Structure formats: structure tokens, C-alpha cells
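Inspection log for the structure reproduced underneath, given as C-alpha cells.
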Amino acid sequence: MASEPPEIHVTRPSIVSAPLQIAKEVMEAASKPASIPEAVNPHAKFAQYPSLRGKTVLITGGAEGIGASAVSQFAHQGAQVLILDISETSAIKLIETLKSQGASPLPAFYHCDVTDLKALKSICTDVLKKYSHVDILVNNAASAGGDSRKGTFDVTEEIFQFNIDVNFRHQFFLTQYLAPSMKTAGGGSIINMGSITWRIPATGLPVYTACKAAVQGLTRTHARELGPNNIRVNSIMPGSIATERQIKEVLTEEYKQETLNAQAIKRVLGPDEVGRLILFLASDDASAITGSSYVCDGGWVGDP
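The opening residue of the sequence shown carries number 1 in this note's numbering; numbering runs sequentially from there.
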């Protein structure tokens, strides 16, 4: 059952009695993201997107890794972020960190296993009841470890279905649940997280790879279907990104060296670098971009 997010109160300055010039300055200040010192805001030296301020952003798998980076960056842009994740501990820790950094408004957390479609739909109902619509959907939740790393002859029917459910199915249904509210609101942006694994192509995780290839097809189709409603749909294909989980489960010294040999940029890539691409695609700066897939891999696959 979804936890109820805190009430959000928005206050705006009164300009009724202000002279014209002062009123103009007040309005300009109100349209900009809250100013947070660089020492507190870890993203302060990167791009600011006024169009993201006040937007409602739903991010699956937002408690850790690339998702957590996106949550942090959207929060520091002044967006209202909704975190859907199975890890309550990590989500609370992230929200507490953002509070200490002065981010506002703080994200709201909804405990959810994205493989449970009934629970997912129930949470979407709660979200729409509270916020009326979602402006930006980041379909990020996935699993590339554990049962995702089974070779073709070790995959059971159960493992196959688990991979489909956690790496692909929820992206389709969340779009189905939330796109109508975007249409009513006049538009929106959907970002589907893929992977370069099918482009390399990687071996040893065939079902995961197939799911991530399917994300690209879904992205292109939904961009066509939803474009007339001013809803943009794009995807991102990260390479080897050094998230905490990736470091723990996958990034051995051998794999790290393999990655560096394959990349044009000879360094480890971090989740914030993917998060910044998510922000750009969500913003009005990308208003003419839809149906596209962006590679963020340090030059591993070598082309868009």
C-alpha cells in the first residue's frame, strides 16, 4: 500500500502594490530555481532549467544509482519528485540528504515493486488524485544483476518472466497509466532507460539484453502515438556506469579494464552524467526531440 506523501504548500509573493520595475524583478526571481550555494548543491555548476521548476516528476527505481542521481538533480531544479522504489531505507536516506542540501520541495516516496502491476496502478491512482497529473515520467527501474545474468541454457521460464517484468513490462504500463493525464495537462515528457548491452552485443544476459532492445522499439512507437498530444518519448542507453550496485555486483577489476579498453573516454563513468542527460530530455530545451535514443557510454559503441 502506498505511503502518503507530505502536503506541499506553495506561496507566491504579492506584487499588487509594488512599482512596475519591482514587480518585474519579483516575477523574474519567482521563475528561477531556488538559489542554493554550490557547496550545498552538488549540481550547481551544471545547467539550470527554469522549465523544470514546479514540474511533477515520477521516477521508478529512484532510490539508488542513476535513478537517485536523477531524483537529486530534479529536486535541485525545483521539481516535485515522486520516487517509486522497493527500497524504503535508501529512499529515506536520499530524501534526508536532499533536505540537508536545501532542496525544495522534497521528494515524496511511494513504496512499490514495479513487477506488481496491481500495486503500480493503485499508486498511479493515488498520485493522480493528489497531483492531478505527472509532467515527466522516467522509466528507470531495472535489474541487471542476479537472475538477469543467466546464459541462454540456464534461463528457466520463471527467470525469463522475471526479466520481462522488471526490465520492460512496467515501462509500457506506466506510460499507459500516466499518459492520459499528460494529455489533459497539455503535454509531457517520458524517458525510457535502455542499455547498450544489445548494441555491443553483450553475452551472458540474453533476456535482459532483449528487454533493453525492446525499450527502443517501444520508445519509437509511443513517440508516434503520443506526439499529437504534445507528449515526447525518448530513451537513454547507458554504458558501464559505476553505481553503488554496479560496483558491488558487476564492476570487478577485470570488467573495469574491459570497459576502459572499449571506451573512447578512458575513465569510469558516474550516474550523474546520465542524470544530466535525463534532465535535458525532460526540459523544454529538448522540446523538438522525440522518438530518439541517446547513448551515454564514453564512446563504447561508437555511434548514436
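All C-beta atoms in this analysis are idealised placements derived from N, C-alpha and C, irrespective of residue type, glycine included. Remember, predicted model here, so these are calculated numbers, not experimental data.
message: Which residues does DSSP list as the beta-bridge partners of Pro293?
response: For the purposes of this step, residue 293 is taken as the residue at position 293 of the sequence shown. A small correction: the amino acid at residue 293 is Ser; Pro does not occupy that position in the sequence shown. Paired residue(s): Ser235.
field: Reference Asn234, options Phe173, Ser189, Lys256, Ser132, closest by Cα
entry: Mapped onto the sequence shown, residue 234 falls at position 234. Checking every option, the nearest Cα to that of Asn234 belongs to Ser189.
- prompt: Using the C-alpha atoms, what's the distance from Lys99 back to Lys173?
  reply: Position 173 of the sequence shown holds residue 173. Position 99 of the sequence shown holds residue 99. Per the sequence shown, the amino acid found at residue 173 is Phe instead of Lys. A direct Cα-Cα distance of roughly 32 Å separates Phe173 from Lys99.
message: Quick check: the Cα distance between Gly187 and Thr290, rounded to an integer number of angstroms?
response: Locating residue 187 in the sequence shown gives position 187, where the first residue counts as 1. Locating residue 290 in the sequence shown gives position 290, where the first residue counts as 1. Approximately 12 Å between the Cα atoms of the pair.
query: Does the Cβ of Tyr255 have 16 or more other Cβ atoms within 10 Å, making it buried, or fewer, making it exposed?
result: Taking the sequence shown and counting its residues from 1, one reaches residue 255 at position 255. Taking a 10 Å sphere around the C-beta of Tyr255, we find fewer than 16 other C-beta atoms and assign the residue as exposed.
- request: Determine the extent of the alpha helix (DSSP H) in which Phe173 is found, giving its start and end residues.
  value: Residue mapping note: residue 173 aligns to position 173 of the sequence shown, counting from 1. In the DSSP annotation of this structure, the continuous segment of the alpha helix (DSSP H) that includes Phe173 starts and ends at 170–185.
- prompt: Is Val301 helix, strand or coil when you go by DSSP?
  reply: The residue you call residue 301 lines up with position 301 of the sequence shown. If DSSP states are grouped into helix, strand and coil, Val301 belongs with coil.
task: Kindly list the residues whose CB is nearer than 6 Å to the CB of Thr219, restricted to its own chain and excluding five residues on each side of it in sequence; keep chain order.
output: Start at 1 with the first residue of the sequence shown, and residue 219 comes out as number 219. Asn192, Val233, Ser235.
message: What would DSSP say about Ile59, mapped onto helix, strand or coil?
response: Taking the first residue of the sequence shown as position 1, residue 59 is located at position 59. Note: Ile59 maps to strand in three-state DSSP.
query: Given that a residue counts as buried once 16 or more other Cβ atoms are within 10 Å of its Cβ, and exposed if not, what is Gly61?
result: Numbered from its first residue, the sequence shown carries residue 61 at position 61. Gly61 sits buried, since 16 or more C-beta atoms from the chains shown fall within 10 Å of its C-beta.
field: Length of the line joining the Cα atoms of Val155 and Thr203
entry: Translated into positions along the sequence shown, residue 155 becomes position 155. Translated into positions along the sequence shown, residue 203 becomes position 203. C-alpha separation (whole angstroms): 13 Å.
message: Need the endpoints of the beta strand (DSSP E) that Asn192 sits in, please.
response: As a first step, residue 192 must be located in the sequence shown, where it is residue number 192. Segment 188–193, the beta strand (DSSP E) holding Asn192.
message: Measuring only from the beta carbon, is Ala223 closer than 8 Å to any heavy atom that is part of the ligand HEM?
response: Absent from the structure shown: the ligand HEM. Ligands present: none.
- prompt: Do Ser283 and Tyr49 have their C-beta atoms closer together than 9 Å?
  reply: For the purposes of this step, residue 283 is taken as the residue at position 283 of the sequence shown. For the purposes of this step, residue 49 is taken as the residue at position 49 of the sequence shown. Contact: yes.
- request: Give me the Cα-Cα distance between His43 and His76, rounded to the nearest whole angstrom.
  value: Indexing the sequence shown from 1 puts residue 43 at position 43. Indexing the sequence shown from 1 puts residue 76 at position 76. Separation of His43 and His76 (C-alpha to C-alpha, rounded to the nearest whole angstrom) is 8 Å.
- prompt: What is the DSSP secondary structure of Asp272, reduced to helix, strand or coil?
  reply: For this step, residue 272 is matched to residue 272 along the sequence shown. The answer is helix: DSSP assigns Asp272 an H, G or I state.
- prompt: Taking C-beta to C-beta, are Asp165 and Val114 nearer than 9 Å?
  reply: Here residue 165 refers to the residue found at position 165 of the sequence shown. Here residue 114 refers to the residue found at position 114 of the sequence shown. Cβ atoms of Asp165 and Val114: closer than 9 Å.
field: Close Cβ partners of Ser195 (< 7 Å) along its chain, the five nearest in sequence each way excluded
entry: Stepping through the sequence shown from its first residue, residue 195 is reached at position 195. These residues qualify, in order along the chain: Lys212, Met237, Pro238.
field: C-alpha distance - Val207 paired with Gln101, whole-angstrom precision
entry: The sequence position of residue 207 within the sequence shown is 207, counting from 1. The sequence position of residue 101 within the sequence shown is 101, counting from 1. Their Cα atoms are separated by approximately 40 Å.
- request: Within its chain, find whatever has a CB closer than 6 Å to the CB of Leu260; leave out the 5 residues flanking it on each side and keep chain order.
  value: What you label residue 260 is simply residue 260 of the sequence shown in a count that begins at 1. Non-local C-beta neighbours of Leu260 in its own chain, meaning closer than 6 Å and more than five positions away in sequence, comprise Lys266, ordered along the chain.
message: On the DSSP letters alone, give me the boundaries of the alpha helix (DSSP H) that His222 sits inside.
response: Taking the sequence shown and counting its residues from 1, one reaches residue 222 at position 222. Taken as a continuous stretch (DSSP letters only), the alpha helix (DSSP H) holding His222 covers 206–226.
query: What's the gap between the Cα of Gln263 and the Cα of Phe46?
result: What you label residue 263 is simply residue 263 of the sequence shown in a count that begins at 1. What you label residue 46 is simply residue 46 of the sequence shown in a count that begins at 1. If you take the alpha carbons of Gln263 and Phe46, they lie about 24 Å apart.
task: Verify whether the separation of the beta carbon atoms of Ala119 and Leu94 is less than 9 Å.
output: Counting from 1 along the sequence shown, the entry for residue 119 is found at position 119. Counting from 1 along the sequence shown, the entry for residue 94 is found at position 94. No; because the gap between Cβ atoms is not below 9 Å, this pair is not in contact.
- prompt: When the Cα atoms are used, what is the spatial distance from Lys129 to Lys183?
  reply: The residue you call residue 129 lines up with position 129 of the sequence shown. The residue you call residue 183 lines up with position 183 of the sequence shown. Rounded to whole angstroms, Lys129 to Lys183 spans 16 Å at the Cα level.
field: Short Cβ contact (9 Å threshold) for Gln73 with Leu279
entry: In the sequence shown, the residue the question calls residue 73 occupies position 73. In the sequence shown, the residue the question calls residue 279 occupies position 279. Less than 9 Å divides the Cβ of Gln73 from the Cβ of Leu279.
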